[in-house]
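Protein chains in written order, with my numbering: chain A, 4 to 152; chain B, 890 to 952.
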Amino acid sequence: MILRYKYKSVRRPDGTEERTPSIPVIFVGEKNRQEFIALLDSGADISFIPKGIAEILGLKIEGIPITPAYGIGGAINTVQTKMGVIVGRGRVTEHFIISVKVALDQYDFPPILGRFGFFDKFSITLDESEKHVTLKRAKNRTGQKIYDR
Amino acid sequence: MSNYDFFMQADVNSYLGEWIAICDNKIVTHGNDVKQVYEEAKSKCLTQKFLLARVPNKETMIL
């Protein structure tokens, strides 16, 4: 399976253009499943979501030890849990369970798909010159059809 | 058109830093609280599936 997604373009008030390597995914929790646009971040060790998304999905976050996660802006409190992820569409989908850190407090950011648990299931190319991202399932790579989204 | 296809062609520049919900080929609600946007989208989209996206901030994001 090969999936290709164009970068989404957003123009800021100062006229600069932001293009982000984002993909549509369905997150699956114990209570709900919901489609989100998630940001691919090869610099993130693991995937992250804000607490609000964990609550929408009904992920278990109570009673889990709080651990800090470090970024360039400092440390934030997180708990680590698991959730389902569905990538692709129609018959061309991949389903798996990933570990995810839930940022506590009021931090707000898009869902971030990081290396452990997500990138390690694919061969991912972030093509900055062509402004698209390609995901190849990390098995049976020969003769795979490319699905443009 | 899928919700994702609509998102890709939509002009979301008016929603910088906000969550948006998309169903039925339109942005049905937006705001700063993802749970509130989710609940509003559920009531507006009814049985239709909807897409939630957070539009990038005005500022550059460094993770």
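Glycine included, every Cβ here is placed at the ideal spot set by N, Cα and C.
Using beta-carbon distances, A/I100 does not count as an interface residue toward chain B, since no partner is under 8 Å. For the set B/T936, B/S891, B/N946, B/P945, the Cα lying nearest the Cα of A/P27 is the one of B/S891. Between the segment 97-109 of chain A and the segment 70-83 of chain A there are three or more inter-stretch CB-CB distances shorter than 8 Å, so the stretches are counted as touching. A/L107 carries a coil assignment under DSSP once its states are collapsed to helix, strand and coil.
Around the CB of A/Q37, 16 or more other CB atoms lie within 10 Å, so the residue is classed as buried.
In this chain, the beta strand (DSSP E) harbouring A/E21 covers 20-23. Contact annotation for B/L935 against chain A: no contact, minimum CB-CB distance about 15 Å [criterion: below 9 Å]. Close partners of B/F895 in chain A (Cβ separation under 7 Å) are lacking, with about 11 Å as the shortest Cβ gap. For the 8 Å CB-CB criterion, A/I5 and A/K139 form a contact. With a beta-carbon spacing of about 7 Å, A/L42 and A/P114 fall inside the 8 Å limit used to define contacts. Around A/T81, no beta-carbon contact reaches into chain B at under 8 Å, the shortest distance being about 14 Å.
Look at A/Y73 here: in three-state DSSP terms it is strand. Secondary structure of B/I909 (DSSP, three-state): strand. The beta carbon of B/N914 sits closer than 8 Å to the beta carbons of M890, F895 from its chain, once the five residues preceding and following it are set aside; these are given in chain order.
Spatial neighbours of A/G66 in its own chain (CB-CB distance under 7 Å, excluding positions within 5 residues in sequence) are not present. Contact annotation: in the segment 906-921 of chain B, residues whose CB is within less than 8 Å of a CB in chain A are N921.
Taking 7 Å as the upper bound on Cβ-Cβ separation, chain B lies near residues E21, T23, P27 of the segment 18-30 of chain A.
Think of a sphere of 7 Å around the beta carbon of A/E58: the chain B residues whose beta carbon falls inside it are K924, in chain order. With a 10 Å radius around the Cβ and a threshold of 16 neighbouring Cβ atoms, A/G76 comes out exposed. Each of A/Y8, A/P24, A/I49 was checked against the Cα of A/F119, and the nearest Cα belongs to A/I49.
Chain order gives no chain B residues near A/R94, where near means a beta carbon separation below 8 Å; the closest approach is about 15 Å.
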